[in-house]
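Undergrad: Before I ask anything, let me first share the structure, which is written out below as structure tokens.
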Amino acid sequence: DSGRTHAPGGHKGDIVEIGDVMAKKLESYGIPVYHSETVHDYPSFMKAYSKSELTVKKMLQDYPSIQMLFDIHRDAEKRENVTATINGVEFARVLIVVAKGQKDLEQPNWPQNYAFAKVIDAKLNARFPGISRGIELQEWRYNQHLHPRALLFEMGCQDSRKEEVARTAEILGDVIAEIFAESGVGNWKAKKR
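Written as structure tokens, this is what we have:
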């Protein structure tokens with residue numbers, strides 16, 4: 006689906022497959038994952054976050070032990086701005102978005118989400134310099150008010166090749182598994198790689 010900003014007619018697009026890549030990577034470390042494949046931006050793109058908020062609330066109700074929430078998007082950037090070449094291989098660069106909320110949309114978890122983002126960003130930069138585009142603070146919520154470790158990842162753009170974004174999703178999965186193994190969060194033990 007490279008080049009299309011949305012999957013047509015409410016169908017699952019490539020970004021759902023990228024979420025699956027990241028989920029499988031985390032599961033390979035023994036981390037249980039619940040990956041929602043619900044399409045939220047059809048028929049109304051403008052109501053996507055209202056619809057996805059219901060999904061997230063249901064996930065948290067059904068799986069109260071959830072330790073982290075990730076929302077994966079493609080950015081509306083030029084491909085050359087969101088592509089990194091590392092050891093001759095192209096990767097989609099990732100921007101970590103932390104929502105600070107605004108007057109009418111409070112976001113009490115943003116300091117914890119920001120601290121979590123900084124750890125991920127530092128590890129990405131240490132292991133794969135250039136793959137991270139940094140952290141962007143935005144005055145919105147993006148459902149991050151629902152959990153103290155909730156982040157939005159902008160991975161590549163609509164023109165990024167699926168393989169580039171999948172490579173980045175695997176690296177991100179490795180980094181997140183490493184962070185959680187070090188922090189002792191949850192009741193699982195990450196497998197050594």
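Counting the sequence shown from 1 gives a position; my numbering is that position plus 5.
Each residue gets a CB set at the ideal place from its N, CA and C atoms; glycine is no exception.
Please give me, in chain order, every unbroken run of the beta strand (DSSP E) with length at least 3 that falls completely inside the segment 29-91.
TA: Counting whole runs of 3 or more residues, the segment 29-91 contains the beta strand (DSSP E) stretches 74-80 and 88-91.
Undergrad: What separation, rounded to the nearest whole angstrom, lies between the Cα atoms of I181 and K108?
TA: The residue you call residue 181 lines up with position 176 of the sequence shown. The residue you call residue 108 lines up with position 103 of the sequence shown. Those two C-alpha atoms are separated by around 31 Å.
Undergrad: Out of K62, R138 and I23, which one is the CA nearest neighbour of E82?
TA: Position 77 of the sequence shown, counting from 1, holds the residue named residue 82. Nearest C-alpha to E82: R138.
Undergrad: Report the rounded CA-to-CA distance for L157 versus Y147, giving the unit in angstroms.
TA: The residue labelled residue 157 in the question sits at position 152 within the sequence shown. The residue labelled residue 147 in the question sits at position 142 within the sequence shown. About 7 Å.
Undergrad: List the endpoints of the continuous beta strand (DSSP E) containing S137.
TA: Indexing the sequence shown from 1 puts residue 137 at position 132. Per DSSP, S137 belongs to the beta strand (DSSP E) from S137 to Q143.
Undergrad: Within 10 angstroms of the Cβ of L129, are there 16 or more other Cβ atoms? Answer buried if so, exposed if not.
TA: For the purposes of this step, residue 129 is taken as residue 124 along the sequence shown, with counting starting at 1. Buried, because 16 or more other Cβ atoms sit within 10 Å of the Cβ of L129.
Undergrad: I'd like to confirm the pairing. Which residues does DSSP put opposite A104 in its beta bridges?
TA: Here residue 104 refers to the residue found at position 99 of the sequence shown. A104 is bridged to Q143.
Undergrad: Would you kindly work out how many angstroms separate the C-alpha atoms of M160 and K56, rounded to a whole number?
TA: Taking the first residue of the sequence shown as 1, we reach residue 160 at position 155. Taking the first residue of the sequence shown as 1, we reach residue 56 at position 51. Going by the C-alpha atoms only, they are around 22 Å apart.
Undergrad: When you compare the CB positions of G135 and I91, do they come within less than 8 Å of one another, or not?
TA: Here residue 135 is taken as the residue at index 130 of the sequence shown, counted from 1. Here residue 91 is taken as the residue at index 86 of the sequence shown, counted from 1. Yes, they are a contact pair.
Undergrad: Near I184, which residues of its chain fall below 6 Å by C-beta distance, leaving aside the five closest residues on each side in sequence?
TA: Numbered from its first residue, the sequence shown carries residue 184 at position 179. Closer than 6 Å at Cβ, skipping near neighbours: V124.
Undergrad: Would you kindly report the start and end of the unbroken alpha helix (DSSP H) that includes L151?
TA: Against the sequence shown, residue 151 aligns to sequence position 146. No alpha helix (DSSP H) contains L151, which DSSP labels as neither H nor E.
Undergrad: Leaving out the 5 sequence neighbours to the left and right, which residues in its chain are closer than 7 Å to N118 when beta-carbon positions are compared?
TA: One-based indexing of the sequence shown puts residue 118 at position 113. Closer than 7 Å at Cβ, skipping near neighbours: V103, Q149, P153, R154, A155 and L156.
Undergrad: When DSSP labels each residue in this structure, what does G178 get in the three-state scheme?
TA: Here residue 178 refers to the residue found at position 173 when the sequence shown is read from its first residue. Residue state, collapsed to three classes: helix.
Undergrad: Quick check on E95: does DSSP put it in helix, strand or coil?
TA: The residue you call residue 95 lines up with position 90 of the sequence shown. Of the three classes helix, strand and coil, the one that applies to E95 here is strand, per DSSP.
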